[in-house]
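Quick note: the sequence shown, position 136, residue 136 per the UniProt record's numbering, numbers continuous.
From the three backbone atoms N, C-alpha and C, an ideal C-beta is built for every residue, glycine too.
To start, the structure under review is shown below, and the notes come after it.
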Amino acid sequence: MDDEEETYRLWKIRKTIMQLCHDRGYLVTQDELDQTLEEFKAQFGDKPSEGRPRRTDLTVLVAHNDDPTDQMFVFFPVQRGLFPDLLLSKLRENQLPRIQAGDPVARYFGIKRGQVVKIIRPSETAGRYITYRLVQ
């Protein structure tokens with residue numbers, strides 16, 4: 001991905017995050033909501049290949065309108081794939097249960113086809129149940 005595409009993608013991510021925070025009642029200025037691509041480039045840079053902007057530049061701390069002590073910290077950790085774990089347990093893709101790419105949860109997390117998702121949920125008998133699903 002070239003710098004122009006990556007900068008555009010990061011700008012869209014920041015714009016979406018600001019809109020989501022605003023919609024949920026957190027303090028976001030109108031300038032942050034209306035930030036253009038050119039303003040984003042001036043503030044954060046336009047060379048992602050050189051580390052300007054970085055994913056950490058998108059980190060945001062916002063306070064709620066009604067209760068300033070109610071704060072939300074939005075950050076973007078480096079994602080690591082789960083597939084190497086499956087190699088250790090010698091599972092093949094055709095042995096995994098499936099989850100559709102159009103599933104609401106998969107769409108919410110931005111999961112793509114071919115990725116493996118680790119799902120942890122409570123279990124009455126085992127305490128917690130861990131399963132892996134292949135996105136199709």
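At the C-beta level, Cys-21 and Val-62 come within 8 angstroms of one another.
Pairing Ser-49 with Thr-131, the inter-Cα distance amounts to about 36 angstroms. Beta-bridge annotation (DSSP): Val-117 is paired with Arg-133. If you check the CB distance, Arg-107 and Arg-133 do not come in under 8 angstroms. Classified as exposed, Val-105 has fewer than 16 neighbouring CB atoms from the shown chains inside 10 Å of its CB. Taken in chain order, the complete beta strand (DSSP E) segments of 3 residues or longer contained in the UniProt domain "RNA polymerase Rpb5 N-terminal" (4–78) are 60–63 and 71–74. CA-CA distance, Lys-12 to Glu-6, rounds to 10 angstroms.
Of the residues assessed, Met-72 falls on the exposed side of the cut-off, its CB having fewer than 16 other CB atoms within 10 angstroms. Secondary-structure assignment with DSSP links Ile-99 through a beta bridge to Val-135. Close CB contacts of Gln-115 within its chain, under the 6 angstroms cut and outside five residues either way in sequence, are with Val-135 (chain order). In the DSSP annotation of this structure, the continuous segment of the alpha helix (DSSP H) that includes Arg-107 starts and ends at 104–109. Only residues of its own chain outside the window of five on either side were considered, and among them Lys-15 have a CB closer than 7 angstroms to the CB of Gln-35, listed in chain order. Contact between Ile-120 and Arg-128 is confirmed by a C-beta separation of about 6 angstroms, below the 8 angstroms threshold.
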